Each structure stands twice: as C-alpha cells, then as structure tokens.
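Residue numbers (the numbering used here), protein chains in the order written: chain A, 1 to 359; chain B, 1001 to 1359; chain C, 2001 to 2359; chain D, 3001 to 3359.
Protein chains: 4
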Amino acid sequence: MIRVGIVGATGIVGQQFVVALQHHPWFQINWLAASERSADQSYGEALRDKKSGARRWFCVEEPDPGMLDLPVESVNRFDPSRVDLLFTAIESEQARELEPAFAQTTPVISTASAYRMEPDVPLIVPGINSDQGRLIRHQREGRGWKGFIAPNPNCTTVGLAITLRPLQHRFGVESVLMTSLQSLSGAGRSPGVLGLDILDNVIPYIPGEEEKVQRETQKILGTLEEDTIEPAEFGVSCTCTRVNVAEGHTEAVFVGLGRRADVEEVKATLAGFAGDFAGKDLPSAPRRMIVVHDDPFRPQPRLDRLAEDGMATVVGRVQADHVLRHGIKYVLVSHNTKMGAAKGCVLAAEILASEGYVG
Amino acid sequence: MIRVGIVGATGIVGQQFVVALQHHPWFQINWLAASERSADQSYGEALRDKKSGARRWFCVEEPDPGMLDLPVESVNRFDPSRVDLLFTAIESEQARELEPAFAQTTPVISTASAYRMEPDVPLIVPGINSDQGRLIRHQREGRGWKGFIAPNPNCTTVGLAITLRPLQHRFGVESVLMTSLQSLSGAGRSPGVLGLDILDNVIPYIPGEEEKVQRETQKILGTLEEDTIEPAEFGVSCTCTRVNVAEGHTEAVFVGLGRRADVEEVKATLAGFAGDFAGKDLPSAPRRMIVVHDDPFRPQPRLDRLAEDGMATVVGRVQADHVLRHGIKYVLVSHNTKMGAAKGCVLAAEILASEGYVG
Amino acid sequence: MIRVGIVGATGIVGQQFVVALQHHPWFQINWLAASERSADQSYGEALRDKKSGARRWFCVEEPDPGMLDLPVESVNRFDPSRVDLLFTAIESEQARELEPAFAQTTPVISTASAYRMEPDVPLIVPGINSDQGRLIRHQREGRGWKGFIAPNPNCTTVGLAITLRPLQHRFGVESVLMTSLQSLSGAGRSPGVLGLDILDNVIPYIPGEEEKVQRETQKILGTLEEDTIEPAEFGVSCTCTRVNVAEGHTEAVFVGLGRRADVEEVKATLAGFAGDFAGKDLPSAPRRMIVVHDDPFRPQPRLDRLAEDGMATVVGRVQADHVLRHGIKYVLVSHNTKMGAAKGCVLAAEILASEGYVG
Amino acid sequence: MIRVGIVGATGIVGQQFVVALQHHPWFQINWLAASERSADQSYGEALRDKKSGARRWFCVEEPDPGMLDLPVESVNRFDPSRVDLLFTAIESEQARELEPAFAQTTPVISTASAYRMEPDVPLIVPGINSDQGRLIRHQREGRGWKGFIAPNPNCTTVGLAITLRPLQHRFGVESVLMTSLQSLSGAGRSPGVLGLDILDNVIPYIPGEEEKVQRETQKILGTLEEDTIEPAEFGVSCTCTRVNVAEGHTEAVFVGLGRRADVEEVKATLAGFAGDFAGKDLPSAPRRMIVVHDDPFRPQPRLDRLAEDGMATVVGRVQADHVLRHGIKYVLVSHNTKMGAAKGCVLAAEILASEGYVG
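And the structure:
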C-alpha cells in the first residue's frame, strides 16, 4: 500500500479526500494534517463543533469509524517523508509556501491554484493529457526535489477540457465561448455563498474564475514540449455565474471547430472518447469519460452529476451553431467536487503511480 | 379614455394585464373574456377555486375591488367592436384563430407567437423599433381590417434586443451568442415547471425558445422596408436554460461588433440609450431603458428585475471578449413578465395610441 | 420466486415500485399495467414523451434494461390471477373500483387511501403493527376473496407512527401534536407543486392530509380485536405544511406520555426499538428502525432521508416539553417515497409473505 | 424633528433602520456609528467592499443619496447626548457593555437580547403591551439614567405574541405549543446560513431561539406591576426550525384557551384586534394589526410577509384542536425584519415618543 497524507483534512475538500481514499485499494491514509486549532485531537474530535456538539462533516458518504480515531497533526510540525504521497486541500497562499517544502521529499497532488501555471508543472486532467506527467522529471531536476507538485485544474475547467479534447483531436478547435452555471459547493464554506444571496437568484460573477478557465484550458490542451507546455492557440472566453444548485457545474459551450462536422459525428466523437488511461484498470477511473444524451432535457445537474460516481462528464443538446465558423454547441454537466476536485486528484495520483512517479 | 378588453383574463398573463391596466390614465378595462368555464361569473368568482375556496391570483399586486366585480364573458360570444383595443393572453393555436376575427374591427396587442413572423406584422419592442408600427397601414390594406395585430416578442428576446439596439446603431453588430438562465414564470402555470424538477437543478432546454430568440431578434433589429421588414443579417445563436428563479431572465451575451470599441465606450452607449419614445411622456415608459452597473456582482435577477418597475434592462459585467472579432460580453437581467410581457404590451399600445393607430 | 404485478407502473410511485422490486430476491416483476394511453407498448416506450423524446423517469436509480423491454398492458384488460401479488400505485377513486376486482383472486398491496379505514382492512406500518395482518383472514371470509387488500398508510403518518409505537409500549401516549414540513415528492406530479409556488415559500395546507394523519395514526396504533381494530384513544392533532424540499418529510412532534419519562430514557427507548420483524431477515428491512441523533442540528431531510436506504426514521432534538402533561418533544425525518410509500409496501409484502398470506 | 442615531449602521439590521428612518416624518438620522473598520468614511464608502468594488447593501429599498454622504463614526468615540434617540443593531455582548453607557444620557431602542429580561426593562411589542413603557420611569430612577433601554423582542416571538394578545384578553390562554419555520434573514449574515446547508433542506435547530420565545412571550403577555412585570402563567413550548425562505417567519401554533371558543369567534377576535395605539396616528403603524385569511392556502411567507408593509401579522387555517383543552390551532406569517426588527423598533419609538419618553 502507498502511504498517503491529507493536508487540510478537516475542511470540505479534505473531507472529500477522506471519502475518496478511505476504501482505496492502493492508497492508505496514514496522516492527517490541519491548522493548529485542530491539531493534537482525533479526527472525530477535530470535526466536532465545541459549542453546539454538532459534527461538521459535509459529505453524504460517512467517514469510517477508524478514520475518526486517526490523530490530526499540525501542518507546521510534520515530516512529509513519513508518507509516499500528499494530497493538499488548502488555500492558494498557504499552498505557495507549504507545497515546495513538502515536495522536497514527497509528491504533492494539490487542489490549490498556486503552481498551476508554472512552466515545469503539469496540469493534468485525468484521461486527457496524462502525458504532461513527463514534466515531473524536468521539475525534479530543475528544483532539486525528490517529490513534485502536480495540481489539478480549476473545477470549472475540468469538464470543459474533457469535452474539448476529443473535438480537438478529431476536428481541431478554433474558438471556445462558454457560460457556466456553477454550483454552491464550488464556493466552499469559508465563507461560501449565503442562502439569502442565492435563493431566487443568479450571481453573475465569481472572482478570478473566468481568467482561470481561459488560461488553464489552453495549458491543459496545449502541446507538450521538452521542458514545458506550449498553450493551445485557440481563444477561450467565458462568463461564470453561480446558480442555486448544490453540486455539479453546468456549462453552455459554443465551439468553432477546425473543420466542418455534423452533429452526429460530434456526438459519436464525444461518446467514443476513451481516455488515455484506457486499459490501465485504475481504481477511480470511470468506465465512460463522456456520457452523451439524446434526450434534449439532459444533462441536468441533479440527475447527471453522479454519472460514473461523479467521474463522467455528461453532455447533451449537441447542435449546430451557425454563428461561429464550423460551429457546434452543447451543454455539459461535470461534478465539481468529484472529477473536478478530490476524486479527480486521486485518479491523477493513480495515473502517476501507475507510471512510476509515486512510491 | 380608451376602452380596452383583456382576452384570457383569468390566466397568469391576463392577471398581469389587469395589474398593468387597472390604474392606467389612458386605458380603461371595459371587458374581460375567458374560456367557457369562467364565463358568466364575476372576475372575482372566476378566479376562485371552487373546491378549496382559494383565490387563484398570482401577482404580488392585488386586483382592485372594482375589478373583481367585472363580469367575465366567453371569448366565443363577444363583439370586439365594443372596445377600442384588445390585449390577448391566450395560447398560440387559439390566437391564430381568434385574433384575425377580432382584428376585423379592433386593434389587437398580443402576447401569442402566432403572427410574429408574418411579413406585414410589426414586432415592436417598445423604445427600440417603434417605426415598425408603420406596417400596420399595409397590414390593414392587405387584409381588409379596421383593426390590426401587433404581437410582442418572446420574453427572452426583449432584453437581448434592447441591449443590441444601441450597439447596432453605434458600432454595428456582426454576431451574437447568448446563454439564457430563464425564470420559472416564463413557463407559466399550465403546466409550468414542477418544484421537484427545478429544485437543486438547471433544465438545459426550453422547447422552441432558441429558434424564437434567433428569428425574432433578427426581425426586431431588421430594416423596415416599404411593406415588410428585412431581417438583420448578423447571426444569433443561443442556448436557453431554466434556473430556479421566480422572475427575471438572466442572459450572458457575447457580441461581435462591427468595429472596435472599448469597454467604457460600450457602457456609455448602453447607459445613454434613450429609447425612441423619449419626449413622448408615455405612462408606462421607464425613465431609463438600460441601467448599467459597475459592481461586478450585478445584475442579479432578485435585486435588479424590478428596476424601473420591471421596465428597464439591467446590464453589468461589460468586458472585452477576445474570441469574437471586435468582441464584447456582458450579462443582462430583464423582467420577463413586465417589459417582457404584459406591461411591455401596454407600453407598445401607448406608443401606437400616441401615433394614432388606436382609438 | 413470487410473481408480482405493478398497477400504475408508469407514474412516479409505479416507478418507485420498479426500483424497489427490480433486484428483489423473492419477488419477480411479471406484469406492468397502466392506463390505455400507455398500453401495448414496451415499458421503455411508454415512459418516453412522444413530443420531446425525453424519458419521463423520475427516480435517481435507473431502470434495468430488461425492465424497459417488459410490455405494458391496459389495466382494464388484465387477468390478475396471472400473478401472485399486486402492488397498486393509482388514484384513490380508481383504486376503489379496481382493487376489489383484483382481490377476488390476488393479494393487493396498495398505496391508495381508498380502503385504509375499512374495519376488516389492516393498516400495516412495517415493524410496528404487523399483527394487523391477522385481519386478512376475516377480510377474505367476509368478502369471499381469495386475495385481499392491504393498503399502506399515508406517508406523513408512517414516521409519526413508528416513533410513537415504542413510546406507547413503554410509557403510554396521551396526546400528540405535530407540525409537518413535507417534501414536494409527496405531492406527486399530477399536478404536483409548481416551482413558482414553493420557491422562497411555505404552503401551509395540504388538502385532506391532516385528517388522514389523525385518523390513520389511531388505527395503526389501535388495539387488534377479533375482527377489527379499536382505534387508539389518544388525540392526534396536526398542521401539515409543504416546504421546498425534494424528498423526506420533517415533523416536529409534541407528545404527552402516559407517565413521566426523562429525555435519556426516551432516547434509549426510541433507539432501541427493534421492529416486530426482528429476526426474520426480510430483504427490505432496515437494520435500525429508528436512528437517534444527539447532534442538535439533526435530523435534516437532505442528510438523513436516506438512512438505511430510506427505511429508517431519524429522530433528534429529543427534549422535555413542559406544556403537555409528561410532555416530550422531538423532530423526525422520514423518507416519504421509500419507507413512506413503495419500498414500505414491499417490506409489508415481505412480512405478509413470510407469514403465509402471499403465494 | 427628533434627532436619531443608528449604532451598527453598516450591518444588515442597521441598513433596515436606515430604510425605516430615512423618510420618517418625526425622526431625522443625524448620526451613524459602526466599528472602527468603518469609521471615518462616508456611509457609502463604508458599505463598499474594497476588494471587489461591490456595495454591500442588502435591502430591496435603496438608501437615499443623502444617506450615503453621512459620515460614519466609531462607536467608541461618540457622545450620545448629541442625539435624542438611539437605535442599536449590535451583538448582544457588545450591547451589554455599550447600551448602559448610552442610556446615561439618551434613550436606546435596541434589537439586542442583552437587557430583555431585566426586571425594570419593558419588552414592548408595538400595539399589544405599550403600557410596559411605564417601567421606564422606574428604570431611570433605579439606574440614575436620563435615557433608558427598551429592547424589542426576538423576531419569532413578535408574531406569536401579537396573535396571543387578543385571545388572552377575550378567552384566556392556558397553553401554547408552536413550531416555527423561520426565514434565512433571521440568521443575519455573520455568518448566516449557507446556501449549501439550506438548499433542499430544513435545519431543525436555531441555538437559543426556543428559550427566547418561551421566556419573552411570558414577559410580553405578563402583568405589569408597580416596578416590574409578572410573567404570564401559561406554558409556552416551541420547536424552532429554519427553512429555505428569504424573509417572513411562518409559525404553526396550537393554543389551549381559557374557555371554549368556536372558530368563527376566534377569527373575529383576531381580525378585530385594533392595537393599543389605535387613534394615535403613528407613522409606522399598520392599519390592521392582524390580517385573517379564509383561503386555506394562506398565509404564505412570499405572498403575505409584506402585508401592511411588513407590519401586520397574517393568520390563516384557524381550526379547532381537539387535543388541548379548549384548543384551537392556526398558522401565522410575520415579517421578521420589518415588524420583527428594525421597523418594529421604530414603531415602538413612535409610541414612546408620543407618550413623552423621548425628546
């Protein structure tokens, strides 16, 4: 078993890591770290609100009793070499400081945005650009690390990039315009979105989100060079909004393709996309990367977010668009806290482990 | 006073007409028509659910006591010449049959889509293309009617067309891509959208809506010829979705302009748009056609739908878009049952009355 | 295998029966019946909306491919003797007519209210009053049927009765006051509750519901006599409201007990309640009938409705009440379409089958 | 004009005070105080989020331009004698410290719970127990203050107490059981209720709320003695829950009366309740204290919360209850941030001013 640690274990993303890892056949949770406030307690105690007695656990899946007994250590007093792999679920500023220290000895799979755009850092969406893992060698050499940092992309980017990948390979992609209808869980809990603000409402702005989607999509779908990634050349423009949905981001996408393609060809291309881990039998890999619906009322976040346990991107309403050159349009739903966050990180770790970068 | 009748007076749109007209300085409600089931009762009785005793009134504004005493007649046994003007709030199939009969003698302002695309029928969005009223003369001659039919556009089209108009005049418009996040009231109540279906959800499809928006926008912003309208040449492509909002459609718009324009120029153009009824002092006209926000968290449907009593289109997040040629993007909120339906019809009627087509 | 039929198979409750039965170890779905409109098609075809192409399937669990191939027959042209057991999911008026005809030859487990209050009809809540099954013998004799009718109670009654049962046995119950916060799925889909009506709202009235809860609770917890049930003598008064929750009824209960009991005693009594099927190893039986939380923020419908796959009643906030004599109060959550409807019927059928009344 | 100050002016309740006072015919806002962070800026600047540029204004009603120019001072560097009356919208702990200092010179109307239960402090619900104002004389003497402290009750208590008052006077009240379905605005914004936590959900616990309702109701409806209030003797027991409603608390109430009363008598008593300020012509007083509906689907928070601009308590579903002795039950809706908070305080201030306690 590969020994793993979770940094930021008491937060909502940390809890999602616990859920994704607690019955994992390859990875064994050996270490939980959190802020000083939670340190030196059992995980169960650290989750408990001292005032009301409530357990602050936010996933539908329950933590195992054994998990609740694990000690939580302070993130500041930890020897990362005790584990083979770290998953981090911390804020970007903290990540910028802590992750390089961890990476001295230990691979770090991160949900933070801090290192996503560094030239020697891969930005892997499982199934579509695993070859970016090759940058790790270069990263290790350049930085003198035994470990490495491999962040996952922004959750809104993940579903978009997954659907663009097979289109790019088959038809080419010239332009992308996207409007997202993002779920509340994407905003986390600190402070998160107030019920008062989102009830009977749409919030048309998510600070920093549009820039991330635009920039990260180009890196993810870029060309892997010797020691860096050349961003994809097509333009990406998006408007990111928040809607009153708990989980699952919906995105309305308009794509200008590199050549003419009819709707059936596009649907077949999306539905037939196998993922670059096909044949590897990874524990967290979905059977289908993309599920395509003919029913025009799909995808819907409530009905489709859990397809393949939240690891598939679900697409529908594939139509011709007559405004963009060789245009098509479609709607996708992607689970922002499964493939788009913790469980996507675990799948990325499985890929990297299967390729010898971990353990 | 101009005597008006409301056809379909007991339904939700009919009720909105009652609200928009009951204190109107020019128009006086003289006649209410509904289906046989409601006929030969007072309006108050017709609204009452016989089984539960509940009053089926759906507007926040209450009907006047005097309104509740008005008799409701069957739509089939009515002499339209008794009034000077009719507002119709009926289904499209019924409109196709009834409205020409009414128009023999009486002007008809309609919320139905039946006649929107007829070549001799104007498609007026108040404030932006009132000159289409000139088609009425041609319509009367060609059809031998004393009255006429003037439908309002689809509610989703209204806000889009209002914001495109000043851009078209100032910069030219080359291409439009739009994703709508539409409210529940747009679906009406028969059957409407079930709470079960929209809670924690987005529905990515509204049958027929996208075609209407695309087609009607081009007619509204088209060129008025002698006896018809030449549709605008730019392409319009949209994806229409339903979100859990009671009232107010939100639209994320990407526009390719005819020439380069910076964001401040675009904002000033939108905010400065006066409406072609400026100076006419119409009772239902908003002071501002378009309200532009700098606050990036606006517009929000709950906060902005009632701007200018639901008659303004509220715009925010105006940004450059680098994918479309001379691209800009913005988000708008438009009240689908005020400017987008009954009250917009009343304002159109005021325009037509002020120009001598009514009464 | 016991051959079963589902009457009303295309509706939402019928679909829930399909989900509860399609992998059942004892029962095999042999026959699906629906209205003429759905007849003579495969189940998959009957679910498909002809106009939009959408599949009108409303459960999160998907139907098996094999299920979709089953033929649907008209409810009017059916020989019930072809199956060993029928589950009915039809309106009360239709049930009043059809169920006696079916019961001539075949046991009928019904979700309709039509026969619930007949003196020779048991009203079984699985686990708390299975002995009412003994009325079946009397029912068969009196009516000359080979089969029988056994309805399940109203979904709001189920959770209340389950929590009252152990209190009644241990302390006695003198009075019950309850306010329900019911979910949307309890209203079904024809017409169901409109999103417009429940968004940002509470609806304080559910026609007929309060009377059902009051009457049925007394029958369920009544005394089984030779050939009928003597209703429990304590009063039950409730106010039933609808809130914007998809599934899971929440109930705030105040109970006057027969003798003084402290909070810990009440909690232990609830948590320790075993269900009268304990030891029988029934496929659909929950491990725990009642789950009791100490966390004061529980139970919550979204977090607790699926406890024991929706078959447990989840209780929290157990407190002393100083207004009623020997008063206690608590909040419960019960899954209205699992234990409260289809799956509760299946468990009742398992009980009756295990006691020899079926097959 | 009476010069007033608002302490805690930038928070949500402070903003509601601004809305309730900015066009007031008697009171003129002269002073705004807030925490150090907001001090020495204009009110408009203090409301602006420095990072995003958004204005953090939470009321539907807009602040007057003149208001936005008023300077905000630190609550710690203020001479309360500069105004004739203070409204405070601060946390209870801070109120405990600051309010007595203010009351040395100036009357304080407070939304904080700190002093509600002090024996010499009135707990006025406008219209039902204004005579408690007489305690002010005693309070001044005992404490040596020129001003006084008069808190408003908890928002959930207000609607309950208003409906109980006429029942108490006419029939007597023996026992009260209540379940509340409270809105999100009652929880404020720091931290408030997360959208993620309340979507598709009910939260069955509001810390401290039930105790407040029970205790305060007895004081409000108690007997005014020479120098204190003897609490009402009837028991009050409640369960307080949070539902996904923006504004307006719904309460399902069961009352045991002192004598038998039929439903029509109860309805007439409620509808006929005039309020003890009748005839005084106070600016913020509702025409009707209690609105009674016969429509069984009313009251609903979305439809009824703004009755009489949020100053009426709206009652429906008045029914006999056969569990409590002389029992009746009903449902009420009360606007928690209008009559239940800022605007209720303003009305209380009008009462006290009209009786000579202010100015």
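The beta-carbon is built from N, C-alpha and C at its ideal position, and this holds for glycine as well. Keep in mind it's a predicted model, so treat the numbers as computed, not measured.
- DSSP places residue 1077 of chain B in the coil class of the three-state scheme, outside both helix and strand.
- Ranked by Cα distance from residue 3350 of chain D, the options D:3038, D:3041, D:3281 and D:3295 are led by D:3281.
- Rounded to the nearest whole angstrom, the C-alpha separation of residue 1075 of chain B and residue 1039 of chain B is 8 Å.
- Separation of residue 1250 of chain B and residue 1235 of chain B (C-alpha to C-alpha, rounded to the nearest whole angstrom) is 20 Å.
- A direct Cα-to-Cα measurement between residue 3055 of chain D and residue 1297 of chain B gives close to 9 Å.
- Interface flag for residue 2030 of chain C against chain B is unset, since no Cβ pair is found closer than 9 Å.
- In the structure shown, residue 2282 of chain C falls within a coil segment according to DSSP collapsed to helix, strand and coil.
- Per the DSSP secondary-structure output, residue 1330 of chain B pairs in a beta bridge with B:1253.
- When 9 Å is used as the limit between beta carbons, residue 52 of chain A is near these residues of chain C: 2295, 2296 and 2297, in chain order.
- Relative to the Cα of residue 2012 of chain C, the nearest Cα in the group C:2353, C:2338 and C:2358 belongs to C:2338.
- Among the CB atoms of chain A, one or more fall inside 9 Å of the CB of residue 1321 of chain B.
- Residue 194 of chain A and residue 245 of chain A have their alpha carbons spaced roughly 13 Å apart.
- In terms of Cβ geometry, residue 1314 of chain B and residue 1334 of chain B form a close pair [threshold 9 Å].
- The residue from B:1048, B:1167 and B:1205 with its alpha-carbon nearest to that of residue 1184 of chain B is B:1205.
- The straight-line gap separating the alpha-carbon atoms of residue 1272 of chain B and residue 1085 of chain B is approximately 33 Å.
- Between residue 2212 of chain C and residue 2113 of chain C, the C-beta gap is smaller than 9 Å, which places the two residues in contact.
- At a beta-carbon threshold of 8 Å, the residues of chain B lying near residue 2244 of chain C are 1195 and 1199, ordered along the chain.
- The beta carbon of residue 3222 of chain D lies closer than 6 Å to those of 3229, 3230, 3231 and 3232 in the same chain, with the five residues before and after it left out.
- Residue 2023 of chain C is classed as exposed because its beta carbon has fewer than 16 other beta carbons within 10 Å across all chains shown.
- Proximity of chain D to residue 1055 of chain B at the Cβ level (cut-off 7 Å) is accounted for by 3295, in chain order.
- In the assembly as shown, residue 3033 of chain D is a buried residue. Its beta-carbon has 16 or more other beta-carbons within 10 Å.
- Here the region 3094 to 3105 of chain D makes contact with the region 3146 to 3156 of chain D; the two share three or more CB pairs at distances below 8 Å.
- When C:2279, C:2123, C:2059 and C:2159 are compared, the shortest CA-CA separation from residue 2188 of chain C is found for C:2059.
- The DSSP-derived three-state label of residue 3108 of chain D is strand.
- When rounded, the separation of the alpha-carbon atoms in residue 1165 of chain B and residue 1308 of chain B is 19 Å.
- Contact between the region 3002 to 3016 of chain D and the region 3025 to 3032 of chain D is present, with at least three C-beta pairs closer than 8 Å.
- With a 10 Å radius around the Cβ and a threshold of 16 neighbouring Cβ atoms, residue 1037 of chain B comes out exposed.
- The secondary-structure analysis by DSSP pairs residue 3163 of chain D with nothing; it has no beta-bridge partner.
- For residue 1078 of chain B, the CB contacts under 6 Å within the same chain, skipping 5 residues up- and downstream, are 1033 in chain order.
- Identification of chain B residues near residue 2192 of chain C by a Cβ-Cβ cut-off of 8 Å yields 1194, 1195 and 1196, ordered along the chain.
- For the set B:1220, B:1052, B:1336 and B:1325, the Cα lying nearest the Cα of residue 1118 of chain B is the one of B:1220.
- Rounded to whole angstroms, residue 2140 of chain C and residue 57 of chain A show a C-alpha spacing of 52 Å.
- Relative to the Cα of residue 1106 of chain B, the nearest Cα in the group B:1264, B:1255, B:1200 and B:1088 belongs to B:1088.
- If the five residues before and after residue 172 of chain A are omitted, its C-beta is found closer than 7 Å to the C-beta atoms of 257, 258 and 259, all from its own chain and listed in chain order.
- One thing to note: residue 155 of chain A has its Cβ no nearer than 9 Å to the Cβ of residue 348 of chain A.
- Residue 3242 of chain D: member of the beta strand (DSSP E) spanning 3235 to 3242, first to last residue.
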